[in-house]
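Chains as they are written, first to last, in this note's numbering: chain A, 5 to 311; chain D, 2 to 506; chain Z, 658 to 1015.
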Amino acid sequence: MDFSSINPALLIASLMVSATPILLAAIGEAVVEKSGVLNLGVEGMMIVGAVVGFIIAVNTDAPLLGFICAAIVSGIFSMIFGILTQYLKSNQVATGLGLTLVGLGLSALLGRPYEGMKSPTLKALDIPFLGDIPVLGKMLFSHDLMIYFSVFIVAMVWWFLKFTHAGMVLRAVGENHDAAHALGYKVVRVRMLAIMFGGATSGLGGAYISLARVPQWTEGMTAGAGWIALAIVVFASWRPWRVLFGAYIFGGVTVLQLNLQAAGASIPVEYLSMSPYLITIVVLVIISSRGNQGAPASLGRPFHASS
Amino acid sequence: MIKKLLELDGISKSYPGVIANSNISFDINIGEVHALLGENGAGKSTLVKIIYGLVKPDSGNLLLNGAPFKPGTPSEARQAGIAMVFQHFSLFEALTVAENISLGMDNPPNQKDLGEKIKSVSEAYGLPLDPAKTVGALSVGERQRVEIIRCLLQNPKLLVMDEPTSVLTPQEVDVLFKTLLKLKSEGTSILYISHKLEEIRKLCDTATILRLGKKVDTCTPKNTSTKKLAEMMVGSSIKAPKKINKPAGRILLKIENVCSLSKSQFGTPLTNITFDLKQGEILGIGGVAGNGQDELFAVLSGEQISQKGSISFNESNITKFTPNQRRKIGLLSAPEERLGHAAAPNMSLIENILITAEQSQDLVSNGFIDWEKSKAFAEKVIKEFDVRTPGSKNTAGSLSGGNLQKFVIGREILQYPNVFIVNQPTWGVDAAAASSIRQALLTLSESGAAILVISQDLDELLEISDRFAALNEGKLSQIKKTADLSFEQIGLMMGGAKDLEARNA
Amino acid sequence: MLKLEKRLQQSKKWIYLSPFLAVVITMISGGILFTILGENPFEAIRIIFWDPLFDPNFASYSRPQLLVKAGPLILIAIGLSFGFKAGVWNIGAEGQYIMGAIFGAGLALAFYPMESKLIFPLMIIAGALGGFLWGMIPAFLKAKLNANEILVSLMLVYVAESILASVSQGLLKNPDGYGFPGSRNLQKYESAANVEIISNSGMHWGVLFAFITVIFSYIVLTRHIQGFNIQLTGEAPRAAKFAGVNPTANIVFCLGISGALAGLAGMFEVAGPSGQITIEFNSGYGFTAIIVAFLGRLHPVGILLSGLLIALTYIGGELAQLMLGLPGASIQLFQGMLLFFLLATDLFANYRVKIGTN
């Protein structure tokens, strides 16, 4: 085994790459859950984003357009969940599961002609000065646009929830939808917007897998990333910066195990590849056993205005 | 000349199977405290929601200062100068006081300015509040202040208050009344909703009485007797339950130094609760909501095991008994929340019987349910407690509050408990049902059962209990004979003896 | 404008009617989908729903397949329905299915090549045990440490898949397999083979077990106190606690029984239709069973019917793949649409829909 082949600067850089899809999906889901809705369809929305982004990018040779379309289509796709749960009052757990199953089927159908192709990828930004700093430049300042954009979204969500009136309304709706309704806020509309935002960021996250991280289309390629994003929201106690922290830790674990595989560690490959899931379980258990501090009080509860 | 602020003209609103408001007309004058009096289900809440823009009437008109007024949303109503304090507070526990207040305003200033405004207004009206505190950490009385301050910051012309005193101690009620009279002197009109007659006679200039969705009368409450008001509200005179005073028997249940942490994040832990419960007596436990009532009930019903102290029945220790073990020895209980706790709303009454009566009625053998027997018992409860329902196959959720409460109480009483613990036996129940439930409790106690009634309705406790104690911040006051008590004393017990000591010192 | 009014009690009529309505709407939307894909919609629908059962060219092959596919779906869905009724969301049946297969096959291969009548019954026990133990992990973590069972059980699917990959290339690899991954074929090991009880019917031991489970579940849910407790927990958790239902026991029961049944399904599959442990052994039955459970209204008889229907879409889908070149994934999509339309039509059971002006 040759650990010297693991370069710390590259490790950090690839950690950010591997964390970004989950980060994007998780920050969106955090907003959805803050508004009191549990959407278990993250995996489905991600994979739809992955396939749509891939198809657009391959056909137009414009990866950025791929990302934009992925966000739009996944946002629309999430509206199925929104309409079913918010207007037709269906069970959120069942509907979210359904969204995942449908997303997997739909993406497989759409992506079949594209199996095995390679997609155009985003160019790394050439940031003057910062990019030239030794080690740090390579580590933090030589990434593609989406990586910085994902961090920017986290900052925006943090600012939105903490400092804006609309953000406060969103938290209020997630905390006590009956009271919010009594004060005249449109509970369903707020939630629909939150769900759509969650769909769009999940789509971006999925597209990041098929356009940047891999970059290829294979059926079922999200491989549970959406579920891990859900776990990270719990881990983060619904706080934006902790979502970032959680996603990067998870990215670190994934990269490390891949590096260990590449370095030919004596641990069998199967055990290494199951480690991200096992670690997710362990983290979830540690966080949950202290009680779910900060969970929105109306999370997952159906809302029907009595008047 | 008296000027009218709000005129209601022929307001009607119906829901499937219920006519909530039928052709209601009355006026509210400027600077008047107007009472809206009626039983649960009389249509008060619907009417108020119409005024506040939450519900649109089927027909009828509103006039505000003589101009047509059709609020489509609460925000429009607020802009027109109407503010509302809800009965079930419209507050967000995880948010701060300032955030909560800002959510109820249409053009909130930034949080810093708002914080200062809250401080100044709350002090001016004698309702001090810390804007940075999380609402979940406040007492019920303080939460109401948040709602009131939220309204006052908008300089309302009409302040609507829905049952504001049901969660306050008598002393807190005095403070509230002072604030309301101050507002009145400043020219604010108040629509005051209540079913407490004495309060209305003390505070209100005019009273409109609703019954079954219709207006019965408008009168001047100061010139109308309580008895007359009650009759107008209820429709017929209701037989008050009869209480026979007889000596209590031996001690059945002994509670010593029980402590229990609360399950919910914002609940109240119990500290060193000690009391005895004797055969044939009713012990009433009063107190403002949120002072440990739910926790006390859970410790006694067995849903929560107390961390410290002991509970014994007939001198044997039952501290660690589960709910079913307690039922086996004849300790039965009926929780406050009917839907979801005492009964499962989407299950039939036959199925709901199984929740508590499985053992005493022998409804299950070898794990298999005897549905015929359950049905027979359900029908017995329906018949003997006059539960109005098309049949035992109907779901619990389809019953009205009063009928379901009769079913829930009847289900326990017909198992002839030795000890019966009941939390809020008549909460949200119409007067006729409340009276019959109280009578049933008295009859049960006469037959020798020991009964503990936890309630926030002081009138109820004074009417049926032999001894009285109050819960305050999870501690139990001294227990006193009900017959010797004055309202003043009760208020002090509810506020905690500390206040008394402080004042005497 | 459409207006919703909450019904005081669920409409019995609509509870039974809405699955049929959902099937009809799915067929219509499926037809539209096939039109977009450039196929004759009527032909496509006929190939999926009619030909597998009645076309003389295909029926002899397809009819037995109906039971072969429905067996595991029903077995797993019945198990899931207990948990779903109680609000315990086991969505990791796929993982429990894999572990049941590994345990069952592992036991058989440990005895290989010994022949004994005891081996098959022991495999049944081992299969159920494998799924049960795998289900106990989320149960324990939920009951003792409050960890969300949805996420834990799902994560364990990926872990189980890794274990499957590991054993098919290592521990259970066929020593006479010329180095290819995958175990010995159990169909060729007489004591371990899950054979058809009636030949050419598709009725193997697993299908029989599925039918028995339907009856068992019906009795438990309608007559037994455990079934009542489960339903009470789902309807009103506080009322269940008040009634003395032990929440821990409930979680253990629900995850245990669904794990064991999924494990059984995996064992019957590996010893029967599949024959061997391979990397691609699992085919998504654990997830499709979620649809089966909901479509069957979490009712045993409903699950029996919906299991057969979904099995039909599998076979019909294969046929459509063969005849029309429709992509296999379109059937997955079809099944998902069915679930969505069912959830949507549920509205009618809980609400009255009115057309009004405000």
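For each residue, glycine too, the CB sits at the ideal point set by N, CA and C.
Note that this is a predicted model, so its numbers are computed, not measured.
Looking at the C-beta of G901/Z, does it have a partner C-beta in chain D at a distance below 9 Å?
yes
For N805/Z, would you say it is in contact with chain A, using Cβ-to-Cβ distances shorter than 9 Å as the test?
yes
Any beta carbon of chain A sitting closer than 9 Å to that of T890/Z?
no
With distance defined between alpha-carbon atoms, name the residue in K14/D, H35/D and N473/D nearest to G293/D.
N473/D
Would you say H185/A reaches chain D, if we count a Cβ-Cβ gap shorter than 9 Å as a contact?
Yes, H185/A lies at the interface with chain D (some Cβ there is under 9 Å from its Cβ).
Less than 9 Å between the beta carbons of A75/A and G256/A, yes or no?
no
Going by other Cβ atoms of all chains shown within 10 Å of its Cβ, with 16 needed for buried, is E173/D buried or exposed?
Under this definition E173/D is a buried residue.
If we count the other Cβ atoms within 10 Å of its Cβ and call it buried at 16 or more, is E447/D buried or exposed?
Here E447/D is exposed, its C-beta having fewer than 16 other C-beta atoms within 10 Å.
Using the C-alpha atoms, what's the distance from F85/A back to V170/A?
Note that residue 170/A corresponds to Ala in the displayed sequence, not to Val. Answer to the nearest angstrom: the Cα atoms are 23 Å apart.
For Q220/A: DSSP bridge partner residues
K122/A
Can you give me the Cβ contacts of R412/D inside the same chain, cut-off strictly under 7 Å, excluding the 5 residues immediately before and after it?
Around R412/D, the same chain offers I354, T357, A358 and V382 as residues with beta carbons nearer than 7 Å, after the five sequence neighbours per side are excluded.
At the 9 Å Cβ level, is V388/D part of the contact set with chain Z, yes or no?
no
Alpha carbon of R234/D to alpha carbon of A471/D, nearest angstrom:
According to the sequence provided, residue 234/D is Met. The question's Arg does not apply to it. Each residue's alpha carbon lies about 29 Å from the other.
Neighbouring residues, chain Z, relative to A343/D (Cβ below 8 Å):
A896 and F899
CB-CB length for E47/A against V237/A, believed under 8 Å:
The C-beta distance from E47/A to V237/A rounds to 13 Å, too long to meet the 8 Å contact threshold.
Just verifying my parser: in three-state terms, what is the DSSP assignment at H89/D?
coil
Could you run through the stretch 168–181 of chain A and flag, in chain order, every residue whose CB is less than 8 Å away from some CB of chain D?
H169, M172, V173, R175, A176, E179 and N180
Between G985/Z and chain A, is the shortest Cβ-Cβ distance under 9 Å, so that the two count as touching?
With 9 Å as the cut-off, G985/Z counts as an interface residue toward chain A.
For I283/D versus L443/D, is the C-beta spacing smaller than 9 Å?
yes
Are there any heavy atoms of the ligand NAD lying less than 8 Å away from the beta-carbon of V49/D, as far as the coordinates show?
Judged by which ligands are present, the structure shown has none, so any question about the ligand NAD falls away.
Neighbourhood of A503/D by C-beta, 8 Å cutoff - its chain only, sequence neighbours within 5 removed
The predicted model places A503/D with a pLDDT of 39, which falls under 50 and marks its position as unreliable, so this point remains unresolved.
I'd like to know whether the C-beta of G109/A is nearer than 9 Å to at least one C-beta of chain D.
no
With 7 Å as the C-beta to C-beta threshold (strictly closer), list the residues of the stretch 256–269 of chain A near chain D in chain order.
For the stretch 256–269 of chain A, the set of residues with a beta-carbon nearer than 7 Å to any beta-carbon of chain D is empty.
Please go through the stretch 862–943 of chain Z and give each complete alpha helix (DSSP H) segment of 4 or more residues, from N-terminal end onward.
862–880, 882–892, 894–899 and 904–928
Exposed or buried, which one is H956/Z when buried takes at least 16 other CB atoms within 10 Å?
buried
Based on Cα-Cα distance, which residue from K120/D, S121/D, G11/D and G82/D lies nearest to L159/D?
G82/D
Could you give the distance in angstroms between the alpha-carbon of M121/A and the alpha-carbon of K670/Z?
51 Å
Short CB-CB distance (under 9 Å) between A301/A and chain D
Chain D contact via Cβ: present.
List, from N- to C-terminal side, the beta strand (DSSP E) runs of 3 residues or more that fit wholly inside the stretch 51–133 of chain D.
For the stretch 51–133 of chain D, whole beta strand (DSSP E) runs of length 3 or above, ordered along the chain, are 60–65 and 83–86.
Close-in-space but distant-in-sequence residues of the same chain around E847/Z (CB under 7 Å, 5 per side omitted)
E772
Where T269/D meets chain A, residues with beta-carbon distance less than 7 Å
What T269/D touches in chain A: nothing, since even the nearest Cβ is about 18 Å away.
C-beta contact flag for I1/D and L332/D at 9 Å
Because chain D spans 2 through 506 in this model, residue 1/D falls outside it and cannot be assessed.
When you compare the CB of P25/A with every CB in chain Z, is at least one pair closer than 9 Å?
no
Give the residues of chain Z in contact with T284/A, contact being defined as C-beta atoms less than 7 Å apart.
M812
Short Cβ contact (9 Å threshold) for L764/Z with A946/Z:
Contact flag unset, no.
E772/Z, DSSP secondary structure in three states
coil
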